[in-house]
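Number of protein chains: 2
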Amino acid sequence: MSDSPADLVITGCIALVHDDQERITFEEDATIVVRDGVIESVTGGPTGGPGIEAADHIDARGQVAMPGLINCHTHAPMVTLRGVAEDVQTDEWFNDYVWPIESNLTEEDVELGARLACAEMIRGGVTTFADHYFSMDAVAAVVAEAGIRAHLGEAFFSSQGPAGREKSLQFALDHRGKSGGRITTALAPHAPYTVDGADLAATAELAREHQLPIHIHASENRDQAEVSLERHGVTPIEVLQQTGILDSDVLIAHGTGILDRDLPVLASAKGRVAVATAPRGYLKFGWPTTTPVRALREIGIDVGLATDGAASNNSLDVWESMALTALIQKSTTRDPRWLTSRQALHHATLQSARAVGLGETIGSLAPGRRADIILVDLAGPHTQPVHDVAATLVHSAHSSDVRTTIVDGRVLMRDRELLTIDVAAVVAEMGERMPALLDRSHGRRIQDYNT
Amino acid sequence: MSDSPADLVITGCIALVHDDQERITFEEDATIVVRDGVIESVTGGPTGGPGIEAADHIDARGQVAMPGLINCHTHAPMVTLRGVAEDVQTDEWFNDYVWPIESNLTEEDVELGARLACAEMIRGGVTTFADHYFSMDAVAAVVAEAGIRAHLGEAFFSSQGPAGREKSLQFALDHRGKSGGRITTALAPHAPYTVDGADLAATAELAREHQLPIHIHASENRDQAEVSLERHGVTPIEVLQQTGILDSDVLIAHGTGILDRDLPVLASAKGRVAVATAPRGYLKFGWPTTTPVRALREIGIDVGLATDGAASNNSLDVWESMALTALIQKSTTRDPRWLTSRQALHHATLQSARAVGLGETIGSLAPGRRADIILVDLAGPHTQPVHDVAATLVHSAHSSDVRTTIVDGRVLMRDRELLTIDVAAVVAEMGERMPALLDRSHGRRIQDYNT
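Chain order of the listed sequences is B and C. All letters in the first sequence, in the order written, are residues 1 to 451 by my numbering. All letters in the second sequence, in the order written, are residues 452 to 902 by my numbering.
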């Protein structure tokens, strides 16, 4: 403890904390002290004695303080296309809408989209997002100005030739550790069905050489797994193994097509590999399966929560992903006792933090961790009475109950007011770009979807 | 048109309206005039000319005006038990938690619960709810004071003897048409597994004699259908037919156990029978099926949206039911093209209105209908940009985006502020009741769950 005033003190809250077995408990009437962007202390019970001196004080009575949510896989700038391709099949979604429109995408579109996305996420209690897109310099610039934390990767296809991979590497090297450490980076090959084996192997080599993690879509759905087996005799997960991708730290998006034969492969990469689940889109596309969370947990693989892009998910609402993950896992395993609210919160906190490579940095309210904190108001009629704080958070509260969002000790939203982004200005500018962006008359697309 | 000032005029909104084929369209820059609790006109396009004189004016630019949501099946006072019985199987939920606790229930508990529930629903844009519970006099009193619309039924089991049925009838007769017509009533036998055939037949007879509809749980899940077949050789739906229940107007809650053989039975009651779906709880209990909405629509049966009680659903959020119905129907039919956003809105509006027997009274913004209107703000970053208003409403907006809730022309919530209910006072009073209510040491329960 320093003698100088702290930067921020939060008092009177219910603090979600993890014990040394990673079990979630709630400290009543807690006080959280933040200094230099770091959590200095979390203490439960009436503080008694004199108040703690701090430059800023938040009275959080009636609110839960918890680690900020982490969106483990998204394409933030795609908020621009929210609602553009509705009620269509996966292949139509790619080939008839998203990839033709993305061939019009300018750096300005990406910047505007990223800004709107960060506004949505900060308002929804997301303090970190893992992004996988194009023109990522623009996204990094928005992250710098918005104050959010991000794990960024420049996506590439083999159809771009070696230049795609090289650009992804350059981005990862240029931006890692930027914005005072708020930005971390990854290599971002799109998927085994769009990046060939040689390119994946070269990517794996770069990852090892530069100590970079990899963020990739794989076995997104059952179709992709089956087509891969037919064409190559191996599953997409086995492709990741054969090409050396699984020898690095790797974040796999979706994995709803993960088969039983993939489990030992993933188990052998335990500690390096994590899966991000974004269940809303799987339902919306009518996919036959969801991420096999239970099977992955049984072999010790972390499963982080995600939203995917808003062009398929329609929101960047990780809170909804948390609730849906609990519901869909109960439903698909036909076991209401499994994926309890505390398990859902464990996915949302430590597992998500580890999935984006920040397992020692964020994901829990503990001394020494970065101060990424959200305050959730439980006073609304829809969250009362509170018999079980974990259940209230997962099954009754919504993203709109987040009142305050703090990243690295800086308040980015206070009492629902965004402090770093002007939403109306972004929306107005975006509106002007729309006609050019949405034009599909040219017949081009950036890539074909043909798993 | 009268020459005297209207009671309320809403200007500048996007109005959700139905055409004569019940297709949903959106009128831009619409003006809605309300007089004597009724919608007098809905006109699109710039009004030009002089403004309409009205006692109250709401400038709703940037907001969608749509029919208030209808919760077609709930047990409103059970909000008191929100989060009490988590992560358990259906039989444990009933036998170990809910039915023991409900044996402690006082009229005061029901009143407090109903008041909190009405607060939650009004804040979530629900203007009508169909309630199926005990001590319904208390619920009716809360409906009167809160200003919401309700379709109420006093629940009964055969274990109560004929007195249960008689009380249900008395309630329905005493309260029908009360609160200026905002209250309608139904007979409310609990379910075919708790109300025996003779009792159901007598109920059907009362329904005919007194021209009352019936609101009942039936074939809630697949287990119930299978047990009914084993024990009685008929499905729960066939029981409803054999006992004459299907000869009256009947609202069936859940129906996730409806089998193919039930479809012709239901088809023969088309126009009288509707089903209420509350998909969140089916997922949470890990039930193997959901309401077969597509099969029901194919035979012309209306499916209304519902939440069930908050002890299983954890909220009374019909907005969430709308989104989940779209997602789960796409998922279970494996057809992303089906249950489009417009179809979801049709379920939420006209189908739900018909399900609660108010198909000519509410459910659309049309001249002559009661003025049950909600205003939904689309300015948030999570609902921008708007490429497709229907998709924005169903897949991006949340209940918390409802800014204003109007029932019978009376504003019950304005700019998120509840005008008829003091939530903090209800919560405080409820807290005092909790120890007595939650006591399960007595070993009693109001009924056994044994399908």
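For every residue, glycine included, the Cβ atom is placed at its ideal position computed from N, Cα and C.
Rounded straight-line distance, which links the Cα of residue j to that of residue i
i, j, result
"residue 487 (chain C)", "residue 821 (chain C)", "9 Å"
"residue 169 (chain B)", "residue 779 (chain C)", "40 Å"
"residue 335 (chain B)", "residue 734 (chain C)", "10 Å"
"residue 409 (chain B)", "residue 570 (chain C)", "35 Å"
"residue 90 (chain B)", "residue 719 (chain C)", "38 Å"
"residue 454 (chain C)", "residue 505 (chain C)", "11 Å"
"residue 109 (chain B)", "residue 144 (chain B)", "17 Å"
"residue 458 (chain C)", "residue 841 (chain C)", "29 Å"
"residue 41 (chain B)", "residue 51 (chain B)", "14 Å"
"residue 288 (chain B)", "residue 258 (chain B)", "12 Å"
"residue 462 (chain C)", "residue 300 (chain B)", "56 Å"
"residue 667 (chain C)", "residue 586 (chain C)", "17 Å"
"residue 816 (chain C)", "residue 777 (chain C)", "22 Å"
"residue 494 (chain C)", "residue 31 (chain B)", "55 Å"
"residue 575 (chain C)", "residue 175 (chain B)", "43 Å"
"residue 608 (chain C)", "residue 671 (chain C)", "16 Å"
"residue 901 (chain C)", "residue 557 (chain C)", "25 Å"
"residue 160 (chain B)", "residue 278 (chain B)", "27 Å"
Sheet register partners of residue i (DSSP bridge)
i, result
"residue 216 (chain B)", "B:252"
"residue 522 (chain C)", "C:580"
"residue 545 (chain C)", "The partner list for residue 545 (chain C) (beta bridge, DSSP) is empty, contrary to what the question assumes."
"residue 607 (chain C)", "C:640"
"residue 469 (chain C)", "C:475"
"residue 464 (chain C)", "C:481"
"residue 825 (chain C)", "C:517 and C:856"
"residue 864 (chain C)", "C:856 and C:869"
"residue 490 (chain C)", "C:485"
"residue 634 (chain C)", "C:601"
"residue 769 (chain C)", "Answer is none; residue 769 (chain C) lacks a bridge partner."
"residue 507 (chain C)", "C:459"
Residue i at chain B interface by Cβ criterion, 8 Å
i, result
"residue 736 (chain C)", "yes"
"residue 687 (chain C)", "no"
"residue 898 (chain C)", "no"
"residue 713 (chain C)", "no"
"residue 891 (chain C)", "no"
"residue 846 (chain C)", "yes"
"residue 882 (chain C)", "yes"
"residue 832 (chain C)", "yes"
"residue 574 (chain C)", "yes"
"residue 885 (chain C)", "yes"
"residue 542 (chain C)", "no"
Cβ distance (whole Å) where residue i is taken to contact residue j below 8 Å
i, j, result
"residue 251 (chain B)", "residue 130 (chain B)", "7 Å"
"residue 527 (chain C)", "residue 591 (chain C)", "Not quite, the Cβ-Cβ distance comes to about 11 Å (not below 8 Å), so this is no contact."
"residue 759 (chain C)", "residue 578 (chain C)", "Not a contact, Cβ separation roughly 19 Å."
"residue 873 (chain C)", "residue 854 (chain C)", "About 20 Å; that fails the 8 Å criterion."
"residue 531 (chain C)", "residue 385 (chain B)", "7 Å"
"residue 114 (chain B)", "residue 85 (chain B)", "The pair is not a contact, with the Cβ atoms about 20 Å apart (cut-off 8 Å)."
"residue 550 (chain C)", "residue 897 (chain C)", "5 Å"
"residue 290 (chain B)", "residue 256 (chain B)", "5 Å"
"residue 262 (chain B)", "residue 245 (chain B)", "Not confirmed; about 13 Å, so no contact."
"residue 747 (chain C)", "residue 769 (chain C)", "The pair is not a contact, with the Cβ atoms about 19 Å apart (cut-off 8 Å)."
"residue 784 (chain C)", "residue 87 (chain B)", "With 8 Å as the limit, residue 784 (chain C) and residue 87 (chain B) do not qualify as a contact, their Cβ atoms being about 12 Å apart."
"residue 345 (chain B)", "residue 305 (chain B)", "Contact doesn't hold; Cβ gap of about 10 Å is too wide."
Test: residue i CB closer than 8 Å to a CB of chain C
i, result
"residue 211 (chain B)", "no"
"residue 317 (chain B)", "yes"
"residue 104 (chain B)", "no"
"residue 7 (chain B)", "no"
"residue 24 (chain B)", "no"
"residue 100 (chain B)", "no"
Within chain E, partners of residue i - CB distance below 7 Å
i, result
"residue 384 (chain B)", "The displayed structure is made up of protein chains B and C, and chain E is not among them."
Query raised in the report: Touching or not, the segment 656–664 of chain C and the segment 615–635 of chain C, by the rule of three or more beta carbon pairs under 8 Å?
Result: yes
Query - Meets three-Cβ-pair contact criterion under 8 Å: the segment 468–481 of chain C and the segment 794–814 of chain C - result: yes
Query raised in the report: Does the segment 428–448 of chain B come close enough to the segment 59–67 of chain B that 3 or more CB-CB pairs lie under 8 Å?
Result: no
Query raised in the report: Just checking, does the segment 296–312 of chain B make contact with the segment 810–817 of chain C on the three C-beta pairs under 8 Å criterion?
Result: no
Query raised in the report: Contact between the segment 179–190 of chain B and the segment 220–228 of chain B: three or more CB pairs below 8 Å?
Result: no
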